[in-house]
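**Q** The listed protein sequences derive, respectively, from chains A and B.
Taking our numbering, the leading residue of the first sequence gets 1, the next gets one more, and so forth.
Taking our numbering, the leading residue of the second sequence gets 1001, the next gets one more, and so forth.
No residue lacks a Cβ here, since even glycine has one placed at the ideal position from N, Cα and C.
There are 2 protein chains.
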Amino acid sequence: MEERVTAHLRRAVELAEESVAAGGGPFGAVLVMPDGRTFEASNRVTLENDPTAHAEVMAIRRACRELGVFELRDATLYASCEPCPMCLAASLWARVGSVYFAADRFAAARAGFSDAEFYDYLAGTADPSVMPVEQLPIPDAERPFDRWRAAPDRVEY
Amino acid sequence: MEERVTAHLRRAVELAEESVAAGGGPFGAVLVMPDGRTFEASNRVTLENDPTAHAEVMAIRRACRELGVFELRDATLYASCEPCPMCLAASLWARVGSVYFAADRFAAARAGFSDAEFYDYLAGTADPSVMPVEQLPIPDAERPFDRWRAAPDRVEY
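(1) Just how far apart, CA to CA, sit Val32 (chain A) and Ala107 (chain A)?
(2) According to the neighbour-count rule (16 or more other Cβ atoms, all chains shown, within 10 Å of its Cβ), is Gly1124 (chain B) buried or exposed?
(3) Helix or strand or just coil, what does DSSP make of Tyr1078 (chain B)?
(4) Where does Thr1006 (chain B) fall in DSSP's three states?
(5) State the DSSP-derived secondary structure class of Val99 (chain A), mapped to helix, strand or coil.
(6) Ala94 (chain A) and Glu71 (chain A) - do their beta-carbons sit closer together than 8 angstroms?
(7) Note the first and the last residue of the continuous beta strand (DSSP E) segment covering Ser1042 (chain B).
(8) Can you find the residues in the same chain that come closer than 6 angstroms, C-beta to C-beta, to Gly25 (chain A), ignoring five residues on each side of it along the sequence?
(9) Would you mind reading off the limits of the alpha helix (DSSP H) that contains Glu1066 (chain B)?
(10) Enumerate, from N- to C-terminal direction, the unbroken beta strand (DSSP E) stretches of 3 or more residues contained entirely within the region 91-157 of chain A.
(11) Just tell me which of B:Thr1006, B:Phe1145, B:Val1030 has its CA closest to the CA of Leu1015 (chain B).
(12) Going by C-alpha to C-alpha distance, which of B:Leu1009, B:Arg1011, B:Glu1017, B:Ala1151 sits closest to Pro144 (chain A)?
(13) Quick one: is Met1001 (chain B) buried, meaning 16 or more other Cβ sit within 10 Å of its Cβ, or exposed?
(14) Relative to the C-alpha of Arg61 (chain A), which candidate in B:Arg1037, B:Ala1055, B:Asp1050, B:Ala1007 has its C-alpha closest?
(15) Does the region 1125-1136 of chain B come into contact with the region 97-107 of chain A, if we say contact requires no fewer than three beta-carbon pairs (one atom in each stretch) closer than 8 angstroms?
(16) How far does the beta strand (DSSP E) with Leu47 (chain A) in it extend, from its first residue to its last?
(17) Can you check DSSP and say which residues form a bridge with Pro32 (chain A)?
(18) Is there a C-beta anywhere in chain B that falls below 8 angstroms from the one on Arg147 (chain A)?
(19) Using 8 angstroms as the limit for Cβ to Cβ distance, is Glu1040 (chain B) near chain A?
(20) Quick check on the burial criterion: 16 or more other C-beta atoms within 10 angstroms. Buried or exposed for Ala1111 (chain B)?
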């Protein structure tokens, strides 16, 4: 078990190194389905002008696209570095079963990345003025949900 | 000011309603740049087999792609419903300036969506066995960061 985890994490770290050589960010991820099918990805934020193109998100997107599904139940995600809150929540939405990582958010911070800061922001322990978030209730704000509940052909997720 | 916010939120709610009619999820978003350029999107999770295709993420991706940038400094994001942790962290990575939303995570929960649960998970107040996350340190886990720091042509983000 631990040997298999180590092997996938080694591959994720290798992808992260290859990513730097290719002009991308220093992050790699490997997603493994319960039947063993494996999807690899690396960080493409600056290469694709997509701030959401983290290695973990890219692996999830790739697996879903290639499998024709929007959920990856019981998949295991291996990341070269601790997934940021975006990647963690993306994994939750994809119904990933478990996550392993090698380096941690503090190693990422030492290399100039904001993961640890954003964890603090989500935990409510960072200065919220970095990005104020405010609710402004408007009439009919819940109407899309009424329509959703009334849609007989809705695909739940 | 409040009138402008209301107008953009109304449009986001309208996009959410149109999305249901088109077979998508009941969420819409409008991203407005400081110069007024505006990018609209709606939830495409089930339509595109992409669990990360929330309205907010789609608006960020679209704006970045069309503008050829990976950051949206001082942009304002208007969402029909409270952004989930993935969308909030995506907004942080995109360096969005501020976020407004209409309906809240509890309205989403009543319609069957997991946003509130995932907020609890990120806050550490939910059952972590939903998706265990574990670090397994391996030798050379930080080597991608060493390579990153040594890369003279690295594009920081």
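**A** Looking at the atomic coordinates:
(1) The residue given as residue 32 (chain A) occupies position 32 in the first sequence. The residue given as residue 107 (chain A) occupies position 107 in the first sequence. Going by the C-alpha atoms only, they are around 25 angstroms apart.
(2) Residue numbering aside, residue 1124 (chain B) sits at position 124 when the second sequence is read from its first letter. Classification for Gly1124 (chain B): exposed.
(3) Counting from 1 along the second sequence, the entry for residue 1078 (chain B) is found at position 78. Here Tyr1078 (chain B) sits in strand by DSSP.
(4) Residue numbering aside, residue 1006 (chain B) sits at position 6 when the second sequence is read from its first letter. Correct three-state label for Thr1006 (chain B): helix.
(5) For the purposes of this step, residue 99 (chain A) is taken as the residue at position 99 of the first sequence. Three-state result, Val99 (chain A): strand.
(6) In the first sequence, counting from the first residue as 1, residue 71 (chain A) sits at position 71. In the first sequence, counting from the first residue as 1, residue 94 (chain A) sits at position 94. Yes, these two residues count as a Cβ contact at 8 angstroms.
(7) Counting from 1 along the second sequence, the entry for residue 1042 (chain B) is found at position 42. From DSSP, the beta strand (DSSP E) with Ser1042 (chain B) extends over 1038-1042.
(8) The count along the first sequence starts at 1 and reaches residue 25 (chain A) at position 25. Asn43, Val45, listed in sequence order.
(9) For the purposes of this step, residue 1066 (chain B) is taken as the residue at position 66 of the second sequence. Element bounds for Glu1066 (chain B): 1055-1067.
(10) 98-103, 133-135
(11) To locate residue 1015 (chain B), count along the second sequence from 1; it is residue 15. It is B:Val1030 whose Cα lies nearest to the Cα of Leu1015 (chain B).
(12) One-based indexing of the first sequence puts residue 144 (chain A) at position 144. Of the listed residues, the one whose Cα sits closest to Pro144 (chain A) is B:Glu1017.
(13) Along the second sequence, read from residue 1 onward, the residue named residue 1001 (chain B) stands at position 1. Met1001 (chain B) comes out exposed.
(14) The residue given as residue 61 (chain A) occupies position 61 in the first sequence. Among B:Arg1037, B:Ala1055, B:Asp1050, B:Ala1007, the Cα nearest to that of Arg61 (chain A) belongs to B:Asp1050.
(15) yes
(16) The residue given as residue 47 (chain A) occupies position 47 in the first sequence. Note, Leu47 (chain A): premise wrong, no beta strand (DSSP E); alpha helix (DSSP H) at 45-48.
(17) Here the question's residue 32 (chain A) lines up with position 32 in the first sequence. Here residue 32 (chain A) turns out to be Val, not Pro, going by the sequence shown. Paired residue(s): A:Thr38, A:Thr76.
(18) Locating residue 147 (chain A) in the first sequence gives position 147, counting from the first residue. With 8 angstroms as the cut-off, Arg147 (chain A) counts as an interface residue toward chain B.
(19) Counting from 1 along the second sequence, the entry for residue 1040 (chain B) is found at position 40. Answer no: the Cβ-Cβ gap between Glu1040 (chain B) and chain A never drops below 8 angstroms.
(20) Locating residue 1111 (chain B) in the second sequence gives position 111, where the first residue counts as 1. Looking at its Cβ environment, which holds 16 or more other Cβ atoms inside 10 Å, Ala1111 (chain B) is buried.
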